[in-house]
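Under the UniProt record's numbering, the sequence shown has 688 at position 679, and the numbering climbs by one with no breaks.
The structure appears right after this line, and notes come after that.
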Amino acid sequence: TASKRLSDYQPYPFALETVRLDFRLDPQETEVRARLALSPRRAASALRLDGEELELLSLAIDGRSLTRDEYTVDKTGLTVHAAALPAQPFTLDTRVKIAPEANTALEGLYMSNGMYCTQCEAEGFRKITYFPDRPDVMAKFHVTIRGEAPVLLSNGDLVAQEDGFAEWVDPWPKPAYLFALVAGDLVAHSGSFTTKSGREVALNIWVRKGDEDRCAFALEALKRSMKWDEDVYGREYDLDIFNIVAVDDFNMGAMENKGLNIFNSKWVLASPETATDADYERIEGIIAHEYFHNWTGNRITCRDWFQLCLKEGLTVYRDRSFTADLRLGPVKRIEDVIALRARQFREDQGPLAHPPRPDHYREINNFYTATVYEKGAELVGMLHTLLGDAGYRAALDLYFDRHDGQACTIEDWLTVFEDASGRDLSQFKRWYTDAGTPVLRVREQFEDGTYRLDFEQDTKPTPGQPGKPPRHIPITVGLLGPNGQELVPSTVLEMTEARQSFTFEGLGARPVPSILRGFSAPVRLERDVSARELAFLLAHDTDPFNRWEAGRQLAQDALVALAQGEDADPAYIDALGALIADESADPAFRALCLRLPAEDEIAQSLHDRGVTPDPEAIHAAREALARDLAHTHEDALTALYEAMAVPGPYTPDPGPAGKRALRLAALGLLNRLDGGARATALFENATNMTESLAALGFLVQTGADEKALASFRSRWEGDRLVMDKWFIVQLAACPPERAAARAAALTEDPLFTWKTPNRFRALMAGLAGNHAGFHAKDGAAYRFYADWLLRLDPVNPQVAARMSTAFETWTRYDADRRAQMQAELERIARTEGLSRDLSEMATRLLG
Ligand code: HT7
Ligand code: ZN
């Protein structure tokens with residue numbers, strides 16, 4: 010199939026006012042009747058409706074059945090020829106049959122554990138009925154559902170209900186991708202929220218029987234989100250009811266359907282025994298994210314799918330700010346940057362690099378990426394930095410005022426910022442249209458009290474984009490004096506040229522610069538800086554992000570040296586001694602400083618420095634540094650492990666969670682010395698999943714994990730969410746030489762229900778997350794992984810394609826490994842009958 014191109018955009022030639030949908034649910038034969046009220050926008054245009062895998066039963070216009078020569082049906086839709094269309098507004102009625110039970114792709118209407126549910130973003134609605142399935146066609150939906158299930162849900166407000174019947178009306182026009190239907194034997198955990206204008210909203214979290222005691226946290230998170238959006242963005246909820254449903258079989262995390270969010274049960278259900286601190290934080294963030302889409306995505310949507318980052322980048326930015334406000338802001342920022350580098354910088358460095366707003370694609374599902382989401386959020390953050398708090402808020406107010414009810418573009422978005430601020434953002438727009446991570450080099454000069462920073466920016470070519478003009482980069486800088494006092498507080502420098510200098514006058518002595526504070530732009534900063542100065546910044550920087558960053562840099566430098574067989578500077582190990590003992594620093598922050606960079610990040614760092622990464626050497630280097638750290642600071646770490654124990658009943662609040670994080674970071678290091686003794690004790694006595702799972706991971710790391718894995722399994726066998734953790738941890742943390750064989754053995758486990766995305770992902774992501782195991786020299790993991798992608802593809806192409814990104818770094822490695830990965834990708838690409846999703850990925854990966 011050919012690519013779709015942004016430059017080919019044409020408005021839909023018909024206006025769609027209202028849609029009536031009537032469902033008669035049946036696992037094998039669901040009947041869907043649709044009535045569309047259409048008006049031609051220009052004369053003599055044929056009517057094209059999208060539709061896939063539908064059996065058309067009847068088709069009529071204004072009540073008259075069409076004859077066979079008046080329309081054409083093909084594999085992707087239906088065309089009513091222009092001659093059969095009235096020149097005036099008309100109604101089109103279709104009746105189709107679909108088979109939800111046979112739908113394993115989990116797109117459109119499908120079944121999960123006997124319950125009906127839908128996933129329509131991006132182009133799933135066309136698997137439900139014939140429709141203009143594009144986001145710029147917005148209509149009011151009126152839905153009736155007939156079926157045996159006791160609970161029948163759709164978008165909007167419930168207007169009628171009796172046994173086996175429900176009728177829903179959504180007063181807000183929406184594109185089809187926001188349609189949802191759920192039917193099943195569900196129970197609700199309910200509550201309510203009163204909006205700032207006094208509207209009472211009924212809140213329900215719908216789950217399978219038995220799960221209702223794991224919903225309380227999600228419900229409270231929803232209320233916090235509703236309040237935050239009112240307080241910070243002035244946005245109020247706009248229906249009388251808000252439903253969330255938890256579903257076990259789900260391709261992604263969650264979906265923001267209007268008034269009826271559907272969630273992967275993993276991101277709703279939580280109890281102290283089954284969910285970790287990290288799970289709680291993610292659940293809160295995802296609940297917020299989907300709720301925030303009500304304004305940024307639903308009330309204002311995207312004109313076409315090229316504009317995806319308009320809603321996703323902004324909504325990620327909003328959910329990050331929410332978490333930063335409710336928890337520890339600097340810690341959240343550091344976590345987000347770690348994730349950005351691990352996922353988005355990695356993507357930008359390889360064959361899948363693309364701009365936040367791509368201009369072509371074959372399969373849009375392949376563009377729900379770290380670049381669209383996380384880098385998209387960074388771009389919103391930079392706009393916020395450039396305009397300041399008041400300017401940002403004014404721009405967002407204008408955005409909601411001007412575009413409510415519309416389907417918009419990145420141009421609309423940037424125009425709002427220009428109009429609100431009077432600034433020219435044409436150069437800033439390159440961040441949206443250009444792929445790649447700029448490298449920002451900086452040199453310093455100090456003379457006669459004047460301090461000068463000379464910056465140079467450069468972005469390497471990416472697929473299809475050879476030339477990279479300079480970008481508009483906000484660089485937040487502060488200058489520190491010799492005792493750590495702030496000589497120049499944080500200032501935003503705006504770089505717009507390829508090379509640009511900034512001076513600071515009147516300084517008594519050479520200052521220590523703190524550059525790119527808060528990670529003010531998604532760039533790779535290069536600066537010749539001594540280990541001594543980094544240690545100084547780790548001890549004294551008043552910007553918490555850069556304080557952490559200095560430690561990170563020290564760790565990276567040490568690891569890069571060790572991985573190349575050189576000696577590591579002792580500065581990192583020395584500096585961490587002070588930090589461990591620094592009780593004025595927050596435990597969560599100290600925990601982050603104690604966390605060594607992941608092996609994949611070390612590989613990335615080597616590659617950035619022009620060195621071919623050797624996965625075995627990287628693994629050995631990381632182990633050696635961890636052991637050295639543990640050894641040097643054994644007493645302090647042991648004291649920390651004791652002092653950070655949290656007594657009393659578990660709560661997922663940031664305070665105790667931070668202490669647990671620090672305690673477990675200490676244990677992770679000590680585990681290298683005591684052969685798993687402390688981890689065994691913790692595993693046996695843990696009363697919450699955070700500690701239990703961490704202890705299990707540490708035991709897996711030592712290799713003496715058989716008993717612990719068996720006991721964990723026998724305790725949690727009946728719990729699908731906890732068992733996913735069991736699959737992941739034993740692959741992600743195990744000694745690399747065991748990883749591939751263990752993964753293969755696990756596929757024989759009766760609990761490896763591979764058609765369930767969560768279980769498939771747990772096993773495969775566990776293996777791919779074991780850097781040295783996945784890249785084992787013999788190529789066993791590559792072959793195994795490719796085999797399973799090929800097996801999943803005909804069942805669930807979306808998930809198979811997403812998981813293929815495990816290969817996205819293949820060009821970084823040595824010739825042997827490259828050849829093996831290339832061979833696997835070629836084998837995938839050659840496979841007959843491959844889905845469009847995986848085929849596009851294989852082709853792009855091969856470059
Ligand atoms: N807007 C949603 C993205 C999405 C999705 C979710 C579930 C399954 C398939 C999906 N395809 C696209 C999720 C979000 O960003 O909020
Ligand atoms: Zn989203």
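Heads up, the beta-carbon is just placed ideally off N, CA and C, and yes, glycines get one too.
Using a Cβ distance threshold of 9 Å, Ala227 and Val277 count as a contacting pair. Excluding the 5 residues flanking it on each side, Leu543 has same chain C-beta neighbours closer than 6 Å at Ala559, Gln562, Leu563, in chain order. Runs of the alpha helix (DSSP H) lying entirely within the segment 709 to 748, each at least 4 residues long, are 715 to 725, 729 to 741 in chain order. Annotated three-state conformation of Phe455 is strand, per DSSP. With fewer than 16 other Cβ atoms from the protein chains shown falling within 10 Å of its own Cβ, Gln170 counts as exposed.
As the crow flies, the alpha-carbon of Gly123 is around 34 Å from that of Thr203. Note that the C-beta distance between Leu58 and Leu87 is below 9 Å. When secondary structure is reduced to three states using DSSP, Met812 falls in the helix class.
Unbroken beta strand (DSSP E) runs of no fewer than 3 residues, entirely contained in the segment 471 to 557, are found at 482 to 489, 495 to 504, 508 to 513, 521 to 524, 533 to 535, following chain order.
DSSP lists no beta-bridge partner residue for Thr138.
Beta-bridge pairing by DSSP links Asn252 to Asn213, Leu269. Distances from the CB of Gly306 to the heavy atoms of ligand 2 include at least one below 8 Å. If the five residues before and after Ala639 are omitted, its C-beta is found closer than 7 Å to the C-beta atoms of Leu646, Leu678, Leu679, Arg681, Leu682, all from its own chain and listed in chain order.
Residue environment for Asn694: exposed (fewer than 16 other C-beta atoms within 10 angstroms of its C-beta). Here Ala630 is near Leu571, since their CB atoms are less than 9 Å apart. If you check the C-beta of Tyr326 against ligand 2, you find no heavy atom less than 8 Å away. Met235 and Phe598 have their alpha carbons spaced roughly 28 Å apart. As computed with DSSP, His369 is found in a beta bridge with Arg14. The bridge partners DSSP lists for Ser67 are Arg104. The Cβ-Cβ distance between Thr485 and Ser499 falls below 9 Å. Boundaries for Arg439: no beta strand (DSSP E) harbours it, while the alpha helix (DSSP H) harbouring it runs 439 to 442, taken from the DSSP string. Between the alpha carbons of Ile347 and Asp550 lies a distance of about 19 Å. In the DSSP assignment, the residues bridged to Gln128 are Gly117.
When the Cα atoms are used, Asp566 and Ala577 turn out to be separated by approximately 8 Å. Rounded to whole angstroms, the gap between the alpha carbons of Asp368 and Asp758 is 43 Å.
Nearest neighbour of Asp257 by Cα position, chosen from Asn266, Phe272, Tyr246, turns out to be Phe272.
Remark: the shortest separation between the CB of Ala131 and any heavy atom of ligand 1 falls under 8 Å. Relative to ligand 2, even the nearest heavy atom lies 8 Å or more away from the CB of Glu387. Residue Leu63 holds the alpha-carbon nearest to the alpha-carbon of Gln37 among Leu63, Asp17, Ser12, Ala43.
Taking a cut-off of 8 Å for Cβ pairs, the segment 175 to 183 and the segment 106 to 114 do not touch, as fewer than three such pairs fall below it. Counting along the chain, Trp181 sits inside the beta strand (DSSP E) bounded by residues 174 to 183. The distance from the Cβ of Met264 to that of Asn270 is about 7 Å, consistent with a contact at the 8 Å cut-off. Selection Arg29, Glu610, Thr27 evaluated against Gln353 yields Glu610 as nearest (Cα-Cα). In terms of side-chain proximity, the C-beta atom of Gly262 is found nearer than 8 Å to a non-hydrogen atom of ligand 1. Counting the other CB atoms within 10 Å of its CB gives Glu700 a total of 16 or more, which places it among the buried residues. Here the alpha carbon of Arg73 sits roughly 15 Å from the alpha carbon of Leu47.
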